[in-house]
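A short worksheet on the structure shown next.
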Amino acid sequence: MSLIKIDNLKKHYKVLNRREGLGGAFKDLFSGNYRTVKAVDDISLSIDSGEMVAFLGPNGAGKSTAIKMMVGALKPTSGDIIVDGFEPFKDRKDYVQNIGVVLGQRPLLWWDIPVIESFKILKKIYRVNDADYQRNIDLYHSITNLDGILNMPVRNLSLGQRSLCNILAVFLHNPKVIFLDEPTIGLDVAIKLKMRELIKALNKTYNTTVILTSHDVGDVESLCDRISLIDKGHILFDDSIENFHKYFNDKRTIRVKVDADSIDSSSAGEQGLLSSYAKSLESKINQTLRLENGVKTSLSPDGWLDVSFSEDETDVMSVLNCIMAEASVSDVKLNDTNMEELMRRSYESFSPS
Amino acid sequence: MRYLVFIKAGLLTVFMYRASAIFMSLTNLLYIVIIFFLWRAIYDGSDGLIKGLSFDQAFVYLALASTFVAIYGTGTEWKVSNTIISGDIINELIKPIDYQMMLFFYSLSQVVYLLFWVGTPVILLVSFVGGLDVVVVERLPLFLMSLCFAYGISFHIDYLIGVTAFQTQSVWGFIAVKESLIFVLSGAVVPLAFFPESVQSILAFTPFAYIYNTPLILLTDASVPFSRCLEYLAIQAAWVFGLIAVARGYFHVSIQRLMINGG
Numbered sequence: 005m006s007l008i009k010i011d012n013l014k015k016h017y018k019v020l021n022r023r024e025g026l027g028g029a030f031k032d033l034f035s036g037n038y039r040t041v042k043a044v045d046d047i048s049l050s051i052d053s054g055e056m057v058a059f060l061g062p063n064g065a066g067k068s069t070a071i072k073m074m075v076g077a078l079k080p081t082s083g084d085i086i087v088d089g090f091e092p093f094k095d096r097k098d099y100v101q102n103i104g105v106v107l108g109q110r111p112l113l114w115w116d117i118p119v120i121e122s123f124k125i126l127k128k129i130y131r132v133n134d135a136d137y138q139r140n141i142d143l144y145h146s147i148t149n150l151d152g153i154l155n156m157p158v159r160n161l162s163l164g165q166r167s168l169c170n171i172l173a174v175f176l177h178n179p180k181v182i183f184l185d186e187p188t189i190g191l192d193v194a195i196k197l198k199m200r201e202l203i204k205a206l207n208k209t210y211n212t213t214v215i216l217t218s219h220d221v222g223d224v225e226s227l228c229d230r231i232s233l234i235d236k237g238h239i240l241f242d243d244s245i246e247n248f249h250k251y252f253n254d255k256r257t258i259r260v261k262v263d264a265d266s267i268d269s270s271s272a273g274e275q276g277l278l279s280s281y282a283k284s285l286e287s288k289i290n291q292t293l294r295l296e297n298g299v300k301t302s303l304s305p306d307g308w309l310d311v312s313f314s315e316d317e318t319d320v321m322s323v324l325n326c327i328m329a330e331a332s333v334s335d336v337k338l339n340d341t342n343m344e345e346l347m348r349r350s351y352e353s354f355s356p357s
Numbered sequence: 002m003r004y005l006v007f008i009k010a011g012l013l014t015v016f017m018y019r020a021s022a023i024f025m026s027l028t029n030l031l032y033i034v035i036i037f038f039l040w041r042a043i044y045d046g047s048d049g050l051i052k053g054l055s056f057d058q059a060f061v062y063l064a065l066a067s068t069f070v071a072i073y074g075t076g077t078e079w080k081v082s083n084t085i086i087s088g089d090i091i092n093e094l095i096k097p098i099d100y101q102m103m104l105f106f107y108s109l110s111q112v113v114y115l116l117f118w119v120g121t122p123v124i125l126l127v128s129f130v131g132g133l134d135v136v137v138v139e140r141l142p143l144f145l146m147s148l149c150f151a152y153g154i155s156f157h158i159d160y161l162i163g164v165t166a167f168q169t170q171s172v173w174g175f176i177a178v179k180e181s182l183i184f185v186l187s188g189a190v191v192p193l194a195f196f197p198e199s200v201q202s203i204l205a206f207t208p209f210a211y212i213y214n215t216p217l218i219l220l221t222d223a224s225v226p227f228s229r230c231l232e233y234l235a236i237q238a239a240w241v242f243g244l245i246a247v248a249r250g251y252f253h254v255s256i257q258r259l260m261i262n263g264g
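In the order they appear, the protein sequences are chains B and F. Each residue of the first sequence is one higher than the last, beginning at 5 in my numbering. Each residue of the second sequence is one higher than the last, beginning at 2 in my numbering.
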């Protein structure tokens, strides 16, 4: 039985078609020309208790809108959401007792009063008992240095300190599900790591389900075991992070710097020389390794030769050995596709260009 | 009662801005000094009574009216509309509490605080010029009850205006209109007794007359029969509950079609 079940969820907005300029703005006062924006268009998902899922997608893809419906703040245009037996929008007041929500920059705590007082207010609101409250506060102290932060009014904190306090605040009532929409904006590297540790620890201890949107690759890589890729209101990919790698990471690239003196300099111009050399290297490798699709070599403007190939066909060591045998190489880099690159590729692969 | 925690939150907030209450108090006292001399001059040209009110009655009425305008104006309309326009309303929706109740208690804490800082000096000042003689002492309990209802009406008008931001995305105009209506029609600057009968009878159908005029009439006008006093309180209570119902209904309808600004 899954904890979160979403079926054919849609959120459509009617937006006035605005014209440009002052005259246009004036005409718009009397305009009835609306268009429908499909912020979320037919999403179905099912998430189990204890899962950590990342919603990825370019800006404006509909991730936040989906989350706002999942936390009960927005009414879906159509479709169903059931979280832990609640319908978020309809049962909002009872439902939100069981969830924790961090929405990027939005201030969760009371602006004018010290952080610890805000925590005490939240303790009252969520009816957290003294023992649980104290245990959480102790936990916070053990993972991060809060000296001097808790007694300061929120308005005097830095952006990162505020984000940290926001995140800590949503864990006070031990929610079953936490929604983190861009939670680590503005945090320094050390605190980011600690936050991830905290979230992981809570996931382990309480089996807390985590839904995360982030453009921070590190958040996604270190926290989530599943990725839902959303664009233009649709889910385009929904699977484990390993499969995400496999799906988008078809090529690996070895970069080599070739010793220019070793190349036979009968042809004219160094640039033309190098590119014809690249071609010949490509065919030599393909012959030696007997590859069907083969490697591709290209010359990058900084003078490096990029040799890229698919790992389905061969592996890094064979290709590298082959290059070493053919050319006099002065430097080698393994240009691995990182998560950031994968995310970029996945966004681009789905948008019609 | 979980919501009492918001009284604490409100008090913590106002304590952070210590100077504000003091300046508000000084401004109010200065204003009261001005109305003292202004109405002294007006009364000098009369035979001691204007529309049945003596100078002392009019002065106590106006001094207390301006004081309660200062105390009741806790800025709920700005708070609500800013929260809606910035999109931060979502942070209220994800808490297991009622937004309206939360604001009510939050605002109440400021009223209590200002009652002390702004109210006490006014009582001292008015008693210093001998104005307290006009106070109908046996009506004090009724006056206090009426003040509570008056706050209920004032708060909910402010809250409703704030909530219109869901539709309008800007409430500056509404607030300006509300402030001038309340200024003129609630007895905040001119006792309603000075208005023509016909105007007064129309005002009796608006909530405005029940904000400042009603409690002050109960306090300063011994000629109002006791049964009439109870009637006033009943009408005030009806307005409070009516406005609560409208506000809850309006909020409920608004969040059905909510768009949350700013991502």
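Ideal Cβ positions, reconstructed from N, Cα and C, are used throughout, including at glycine. None of the values given here were measured: they were computed from a predicted structure.
Check, Outcome
"With a threshold of 6 Å on Cβ separation, who are the neighbours of F:Phe195 within its own chain once the five nearest residues in sequence on each side are excluded?", "Lys52"
"Ignore the nearest five residues each way along the sequence and tell me which others in B:Gly36's own chain have a CB closer than 7 Å to its CB.", "none"
"Is the Cβ of F:Thr14 closer than 8 Å to any Cβ of chain B?", "yes"
"Taking the alpha-carbon positions, what's the B:Val119 to B:Gly108 distance?", "18 Å"
"If we count Cβ pairs, one from each stretch, closer than 8 Å, do we get three or more for the region 102-119 of chain F versus the region 181-192 of chain F?", "no"
"Please list the partners that F:Ile98 has in chain B, where partner means a Cβ-to-Cβ separation under 7 Å.", "Ile129"
"What are the residues of the region 233-257 of chain F that lie near chain B, defined by any Cβ-Cβ distance shorter than 8 Å?", "Ile256 and Gln257"
"Which runs of the alpha helix (DSSP H) spanning at least 4 residues fall entirely within the region 54-101 of chain F, listed in chain order?", "56-73, 77-87 and 90-94"
"Quick one, which residues of the region 70-98 of chain F are near chain B if we go by CB-CB under 7 Å, in chain order?", "Asp89, Ile91, Asn92, Leu94, Ile95, Lys96, Pro97 and Ile98"
"Taking only three categories from DSSP, how would you classify B:Ser6?", "coil"
"Would the beta-carbon of B:Ser232 fall within 8 Å of that of B:Asp223?", "no"
"Would you mind telling me which residues of chain F sit closer than 8 Å to B:Ile117, beta carbon to beta carbon, in chain order?", "Ala10, Leu13, Thr14 and Met17"
"So, is the C-beta of F:Leu259 closer than 8 Å to a C-beta in chain B?", "yes"
"Mind listing the chain F neighbours of B:Ile85? Cutoff is C-beta to C-beta under 9 Å, in chain order.", "Neighbours of B:Ile85 on chain F: none; closest Cβ ~15 Å, over 9 Å."
"Could you tell me whether any Cβ in chain F is nearer than 8 Å to the Cβ of B:Tyr17?", "yes"
"Does F:Arg3 come within less than 8 Å of chain B when only Cβ atoms are used?", "yes"
"In terms of alpha-carbon separation, which member of B:Leu60, B:Ser304 and B:Leu112 lies closest to B:Arg230?", "B:Leu60"
"Have a look at B:Lys196, B:Tyr351 and B:Ser53 and flag the residue whose alpha-carbon is nearest the alpha-carbon of B:Asn149.", "B:Lys196"
"In the DSSP assignment, find the unbroken alpha helix (DSSP H) run with B:His219 in it and report its ends.", "From DSSP, B:His219 is part of no alpha helix (DSSP H); its letter is neither H nor E."
"Using the three-state DSSP reduction, which class does B:Ser357 fall into: helix, strand or coil?", "Model confidence at B:Ser357 stands at a pLDDT of 42, short of 50, so the residue's coordinates are unreliable and nothing is read from them."
"Strictly below 8 Å CB to CB, what residues from chain B border F:Val34?", "By Cβ distance, chain B contributes nothing, its closest Cβ being about 32 Å from F:Val34, past 8 Å."
"Going straight from the alpha carbon of F:Arg249 to that of F:Arg3, what length do you get?", "20 Å"
"Please check if any C-beta of chain B sits within less than 8 Å of the C-beta of F:Val119.", "no"
"When you compare only the Cα positions, how much space is there between B:Thr318 and B:Ile258?", "13 Å"
"Can you have a look at B:Glu121 and say buried or exposed, based on whether 16 or more other CB atoms are within 10 angstroms of its CB?", "buried"
"Which residues in the same chain have their Cβ closer than 6 Å to the Cβ of B:Glu344, if we skip the five residues on either side of it in sequence?", "Val221"
"In the structure shown, what three-state DSSP assignment does B:Met1 receive?", "Since the displayed chain B opens at 5 and closes at 357, residue 1 of chain B lies outside it and no answer follows."
"What would DSSP say about B:Asp411, mapped onto helix, strand or coil?", "In this structure chain B extends from 5 to 357, so residue 411 of chain B is not present and cannot be described."
"Starting from F:Val138, follow its DSSP beta bridges and name the residues at the other end.", "In the DSSP output, where bridge partners are listed per residue, F:Val138 has none listed."
"Quick one: using the 10 Å Cβ neighbour count with 16 as the cut-off for buried, is F:Pro208 buried or exposed?", "buried"
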